[in-house]
Each structure stands twice: as structure tokens, then as C-alpha cells.
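Participant: Residue numbers (my numbering): 1 to 562.
Cβ atoms here follow ideal geometry from the backbone N, Cα and C, with glycine treated the same way.
All figures in this text were calculated on a predicted structure; none of them were measured in a lab.
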């Protein structure tokens with residue numbers, strides 16, 4: 001008999017694999033990061049802002065909030081902050097591409113009344129700038145989107161009269177330049193309130209490649225003049241942007257603008273001489289299309305300006321002004337046709353001033369430190385000769401052990417010349433720095449002291465190299481040679497200004513040929529009217545500098561033969 005439990009039990013069902021019952025999908029509510037939640041509860045605004053910036057989900061929250069606000073009240077986009085900036089402008093300035101895209105999708109420029117349109121009000125920012133002014137400085141993708149949304153923004157100007165193209169030219173953003181000019185080239189012909197066109201801004205900042213791209217869209221941009229009548233070459237020269245000048249000089253289509261004068265009659269060469277930029281002067285003079293004898297409104301040629309810019313008293317022969325003067329004089333530049341005495345009187349050339357007298361004192365105080373140092377070192381070297389001395393009990397006790405070697409004798413002679421030269425330089429500098437000595441005599445003492453100091457420096461380097469060679473050569477000839485060569489590199493690197501003489505070679509070669517550097521001489525009529533000496537030609541300048549160096553070492557090795 002079946003049990004009651006069995007009778008009352010429900011019929012069994014076949015066993016099957018269990019499967020979960022499908023439930024309707026429930027959207028997961030957005031969660032706030034713990035740090036953001038703590039910052040919100042604290043009530044500290046600064047802490048909350050920092051947490052928002054650090055939270056990766058914050059941009060999505062911002063976009064969602066902006067989308068909700070725009071749907072509730074489209075006019076909010078036209079509201080401005082305390083400084084006059086709109087939400088879209090602030091988003092563009094911050095580089096928020098997502099926010100700008102959202103706002104441009106929300107506010108279409110299809111309203112009938114543009115004056116009352118929130119789109120028009122939503123584009124403004126500080127200083128009259130538009131959202132496109134900010135976008136060209138932050139994102140090219142944003143710039144392209146704004147141009148598709150509202151193309152007329154490319155023509156808008158700020159309070160300084162600058163279009164977005166001016167901003168692009170100021171940072172050298174070539175992709176943004178192509179985007180703007182692809183929509184409209186007219187902004188390239190709009191000057192700002194200072195009369196500067198975008199090509200002038202690019203030249204001022206030194207962006208030669210951007211100027212090249214701009215000239216492809218606007219071939220006549222080289223003819224644009226600012227409020228002073230200057231083209232972009234004048235602007236580049238004035239701000240010493242040699243790369244732009246190089247681009248200008250190598251472009252054959254632009255050669256016609258090389259000799260254009262501004263409203264004061266100055267060409268680019270005039271401005272380069274005024275700025276004492278030897279590299280730009282060299283680039284201009286290397287182009288045969290440049291005319292070096294144009295007279296400006298003051299009646300001055302570039303050579304006149306070079307003469308006026310050169311110090312007439314104590315002057316360093318490798319100063320940029322002196323190099324420019326040589327470059328112009330040796331390549332055929334002439335002075336303006338006027339009486340030399342009138343020229344001297346008009347510009348006070350050759351008159352000794354109080355500042356000129358101060359140079360004697362300042363220079364002598366600086367040089368005397370070096371001359372005394374060389375004297376001290378060379379004096380001590382006599383009593384600490386390399387190789388040591390012969391011990392007692394020898395017929396030549398106390399004499400140097402290496403006295404019979406030629407290199408040792410050369411070391412002694414080099415050390416002697418260094419001591420004599422530095423001592424004489426110290427004495428002459430004492431007279432040169434004294435206010436009781438006549439200025440002409442002070443200049444003479446200064447001249448001889450500088451020459452003597454140069455000779456002492458060369459001799460001291462030779463003494464070090466020869467002394468090291470005497471000691472090291474018995475052990476390692478190679479090491480001794482390396483030490484000597486390393487010591488003599490100081491003579492090549494001691495004065496980096498010597499390398500500036502290279503700026504003279506290219507203009508001379510282009511205008512006078514290879515032989516011009518060796519055969520061309522300064523015309524007598526020009527030489528007689530120059531108030532400072534520049535030398536005969538480039539080859540003679542190099543020759544005398546090399547002779548000064550070689551004569552010192554020749555004298556040392558000749559004396560060592562005694």
C-alpha cells in the first residue's frame with residue numbers, strides 16, 4: 001500500500017538543465033568616484049574642482065550637464081561671464097573638443113534674425129575675440145569643425161583688428177593656415193590696428209615656411225606694406241629673423257622686392273646695418289640683386305650707417321659693426337657724396353667723450369687680472385722645471401736634468417716670453433688706466449698692452465704643451481702628442497668671434513669671385529673717407545692674424561736652437 005505521503009505528493013516532472021529566467025535590462029545609474037563624493041560632501045570648492053579635473057568621468061558629466069541645460073533653455077549659450085566670455089569660447093580656449101562639438105550641434109546658425117540669435121552671442125570672448133580665435137591656438141580639428149559650422153567666423157576681428165589668420169601666423173600653425181585660407185583668402189589682406197598683415201606677423205616671429213605657404217595662396221603678399229611702408233622683409237630684418245631673410249633671398253620671384261624702400265627711404269640693408277646683424281647683412285650682400293648704395297631720406301647709404309655705428313675710440317676689431325663695415329667696404333659699397341668734414345661735424349665723429357675715457361679704466365682693470373695671473377704662473381714655473389734637478393755631488397748639481405733636450409729648451413723660451421709679455425702688459429695697463437695720462441697716450445699704452453697680452457697667452461699655452469711633452473714623451477709618445485694638440489686647441493677656441501669672419505667670405509665670393517678675396521683692394525677714395533680702418537682686403541686680414549700666431553711660435557723654436 002502506498003503511503004499517504006506518496007498519495008498526496010504531486011507528480012514528478014522530468015529533470016532538465018536549469019536556465020535562469022530572463023530579466024528586463026536595468027540601466028546602471030552613474031556612480032561617482034569616492035574621491036569626488038568626499039570632495040562634494042566636504043563643501044570645499046577648490047577640492048571639488050581638483051577632484052572633477054582628476055576624475056576621468058568628469059568630461060562625460062560635463063557634456064551631459066551641458067546637453068541638459070541646452071535642451072532646457074537654448075538661450076544659455078548667449079550668456080557671458082564676468083569678463084565677457086561665452087561658454088563656447090571658454091570651451092575652445094580650454095581645448096575641449098567634445099564640448100565645442102556639442103554646442104555647435106545644439107545651436108545651428110539657421111535662425112532668421114541673426115542679430116538676436118544665441119549662436120552669434122555664443123561665439124564671443126575676451127577682447128572681442130571669437131571662438132575661432134581661440135580654436136586656432138588649441139586644436140586644428142576644432143578649427144575645421146567651427147569653419148564648417150559658421151564659415152563667416154574666419155573674417156571676424158578682435159579689438160586689435162586681428163583675424164584668426166593673424167593668430168595662426170603668430171604661432172606658425174601651417175595646418176590651421178591651410179584650413180583658413182581654404183575657406184577664404186580675404187583675411188590675408190586685412191591689417192590689424194597697427195597696420196600689420198598676417199605675412200608681417202609671420203615674418204616678425206620668424207616662420208619662413210608659413211610665409212612660403214601663405215605666398216602660395218596669396219602670391220602678392222610680398223607687396224603688402226605696414227603703416228611704416230615696410231614689407232615682410234623689412235619686418236624680418238628689423239626683428240633679426242635670418243631664416244626669413246634667407247628664404248627671401250633664395251626665392252627668385254621675390255628679388256624684385258629686395259631694394260624696396262620704406263617711408264623713411266630705408267631698404268632692408270639699411271635696417272640690417274642699423275641693427276648690427278652681420279649674418280643678415282652677409283645674406284643680403286651675397287645676393288647680387290641687392291643694391292648697396294641706395295640713399296635713404298637722411299641722405300645716408302648703408303656704408304654711412306656702418307661708419308656711424310662703429311666706435312671711433314677703443315673698439316674691438318671683431319665687433320659686428322666692424323665686420324659689417326668691412327663687408328660693405330670690400331664689396332663695393334660707397335659713402336654718400338658729401339664733404340667729409342661736414343659728415344664728421346654733423347655726427348660728432350672722433351670726439352672723445354666721458355664714456356670713452358671710462359673704457360680705458362674698465363678695460364685695464366679687467367686685463368690686468370689676467371696679465372698678473374700669467375706673470376705669477378710663469379714665474380713659479382722657473383723654479384719647478386719639469387724633470388727635476390741634478391742631485392748634489394755632480395759637477396752640474398742643481399741644474400735641470402733635461403737641460404740637453406731641445407723640447408726642454410723650447411719650454412724655457414716659451415715660459416720666458418710669456419713672463420716678459422705679461423709683465424710688460426701689466427705695466428702698460430697701469431698707465432692706460434691712470435686718469436693723469438693723456439687720452440692719446442692711454443690709447444697707445446692700451447694698444448701695446450693688448451698685443452703683449454696676446455703674445456703672452458700664446459707663449460703660456462706653448463710652455464704647457466712643451467713641458468707636458470718633455471715629461472710624457474719617454475713614457476708614451478702618443479699621449480704626449482694628444483696633450484700638445486689638446487693644448488693648442490685653446491688657441492682656436494679662445495676667441496669664438498674669429499669665426500664671424502666667415503660672414504665676410506660669401507658676399508665677397510658672390511660679388512667679386514674666388515680671386516676677389518685675395519686681389520680686391522679697398523678703393524682709395526673710399527679708404528680716405530672712412531673714419532676707421534678696415535684693412536685692405538679679406539686675405540690680408542686673415543694673413544696678419546695667422547702671422548701674429550705663427551711668429552710667436554717661430555720665435556720660440558728659433559731661440560731654442562741657441
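For residue 425, tell me which candidate among 451, 415, 288, 252 has the shortest Cα-Cα distance.
Facilitator: Answer by Cα proximity: 451.
Participant: Measuring alpha carbon to alpha carbon, tell me which residue in 505, 358, 304 is nearest residue 344.
Facilitator: That would be 304, whose Cα lies nearest to the Cα of residue 344.
Participant: What residue does the alpha helix (DSSP H) around residue 411 start on, and which one ends it?
Facilitator: Here the alpha helix (DSSP H) through residue 411 covers 406 to 432.
Participant: Could you tell me how far apart the beta carbons of residue 463 and residue 418 are, in whole angstroms, since I believe they sit closer than 8 Å?
Facilitator: Residue 463 to residue 418, Cβ: 6 Å. Contact.
Participant: Can you tell me whether residue 186 is buried or exposed, with buried defined as 16 or more other CB within 10 angstroms of its CB?
Facilitator: Per the 10 Å Cβ criterion, exposed.
Participant: Can you tell which of 455, 432, 202 has its C-alpha closest to the C-alpha of residue 444?
Facilitator: Of 455, 432, 202, the residue nearest in Cα terms is 432.
Participant: Got a sec? Which residues, its chain only, sit under 7 Å from residue 29 by beta carbon, not counting five neighbours each side?
Facilitator: Bear in mind that the predicted position of residue 29 carries a pLDDT of just 48, short of 50, making it unreliable; the figure below should be weighed with that in mind. Taken in chain order, the list of residues that qualify is empty.
Participant: Considering only the beta carbon of each residue, do residue 302 and residue 269 sit closer than 8 Å?
Facilitator: Closer than 8 Å, so yes.
Participant: Assuming residue 231 and residue 257 are in contact, meaning their beta carbons sit under 8 Å apart, how far apart are those beta carbons, in whole angstroms?
Facilitator: Contact flag correct, Cβ pair sits at about 6 Å.
Participant: Counting beta carbon pairs with one atom in the segment 153 to 173 and one in the segment 190 to 206, are three or more of them shorter than 8 Å?
Facilitator: Judged by Cβ distances under 8 Å, the segment 190 to 206 makes contact with the segment 153 to 173, as three or more pairs qualify.
Participant: Going by other Cβ atoms of all chains shown within 10 Å of its Cβ, with 16 needed for buried, is residue 311 buried or exposed?
Facilitator: Residue 311 comes out exposed.
Participant: Use the C-beta contact count for residue 546: other C-beta atoms within 10 angstroms, 16 or more gives buried, fewer gives exposed.
Facilitator: Burial call: exposed.
Participant: Tell me residue 389's beta-bridge partners as DSSP assigns them.
Facilitator: Looking at the DSSP assignment, residue 389 forms a beta bridge with 400.
Participant: Let me know the secondary structure DSSP gives residue 124 once reduced to three states.
Facilitator: Residue 124 falls in the strand class under three-state DSSP.
Participant: What does the alpha-carbon distance come out to for the pair residue 53 and residue 363?
Facilitator: Unreliable positioning characterises residue 53 in this predicted model, as indicated by a pLDDT of 48, which lies under 50. A coordinate reading is not provided.
Participant: Leaving out the 5 sequence neighbours to the left and right, which residues in its chain are closer than 6 Å to residue 174 when beta-carbon positions are compared?
Facilitator: 210, 213, listed in sequence order.
Participant: Across which residues does DSSP place residue 130 in a beta bridge pair?
Facilitator: Per DSSP, 124.
Participant: Tell me, to the nearest whole angstrom, how far the beta carbon of residue 368 is from that of residue 429; I am working on the premise that it is less than 8 Å.
Facilitator: With 8 Å as the limit, residue 368 and residue 429 qualify as a contact, their Cβ atoms being about 5 Å apart.
Participant: What residue range does the alpha helix (DSSP H) around residue 268 cover?
Facilitator: Note, residue 268: alpha helix (DSSP H), 268 to 274.
Participant: Tell me the rounded alpha-carbon separation between residue 90 and residue 125.
Facilitator: Between residue 90 and residue 125, the C-alpha separation is close to 8 Å.
Participant: Please report the straight-line C-alpha distance between residue 295 and residue 540, rounded to a whole angstrom.
Facilitator: Approximately 30 Å, taken between the alpha carbons.
Participant: Would you identify the three-state DSSP class for residue 516, choosing helix, strand or coil?
Facilitator: Of the three classes helix, strand and coil, the one that applies to residue 516 here is helix, per DSSP.
Participant: Just to confirm before moving on: does the CB-CB distance between residue 399 and residue 390 stay below 8 Å?
Facilitator: Their beta carbons are under 8 Å apart, which means residue 399 touches residue 390 by this criterion.
Participant: Using the beta-carbon count (16 or more within 10 Å), is residue 507 buried or exposed?
Facilitator: Flag for residue 507 reads buried.
Participant: Tell me which residue opens and which closes the alpha helix (DSSP H) that residue 87 is part of.
Facilitator: Start and end: 87 to 93.
Participant: Within 10 Å of its beta-carbon, does residue 129 have 16 or more other beta-carbons around it, so buried, or fewer, so exposed?
Facilitator: Result: buried.
Participant: Please list, in chain order, all residues of the same chain as residue 272 whose beta carbon is under 7 Å from its beta carbon, the five residues on each side excluded.
Facilitator: Within the same chain, residue 272 has close Cβ partners 237, 280, 281, 284.
Participant: Are residue 331 and residue 511 closer than 8 Å when you measure CB to CB?
Facilitator: Result yes, Cβ atoms of residue 331 and residue 511 sit closer than 8 Å.
Participant: Assuming residue 179 and residue 143 make a contact with CB atoms under 8 Å, what is their CB distance in whole Å?
Facilitator: So it is a contact: roughly 5 Å between Cβ atoms.
Participant: Once the 5 residues before and after residue 318 are set aside, which same chain residues still bring their CB inside 8 Å of it?
Facilitator: Excluding positions up to five away in sequence, the list reads 495, 497, 498, 500, 501.
Participant: Roughly how many angstroms separate the alpha carbons of residue 86 and residue 103, rounded to a whole number?
Facilitator: Near 11 Å, if we compare the C-alpha coordinates of residue 103 and residue 86.
Participant: Cα-Cα, which of 372, 441, 554 is closest to residue 360?
Facilitator: Comparing Cα-Cα distances from residue 360 to each of 372, 441, 554, the minimum goes to 441.
Participant: With distance defined between alpha-carbon atoms, name the residue in 159, 225, 227, 553 nearest to residue 412.
Facilitator: Closest option to residue 412, Cα to Cα, is 553.
Participant: Under the rule that 16 or more other beta-carbon atoms within 10 Å means buried, what is residue 182, buried or exposed?
Facilitator: Flag for residue 182 reads exposed.
Participant: Between which two residues does the alpha helix (DSSP H) harbouring residue 343 extend?
Facilitator: Its alpha helix (DSSP H) spans residues 340 to 346.
Participant: Tell me whether residue 467 is buried or exposed, calling it buried when 16 or more other Cβ atoms sit within 10 Å of its Cβ.
Facilitator: Per the 10 Å Cβ criterion, buried.
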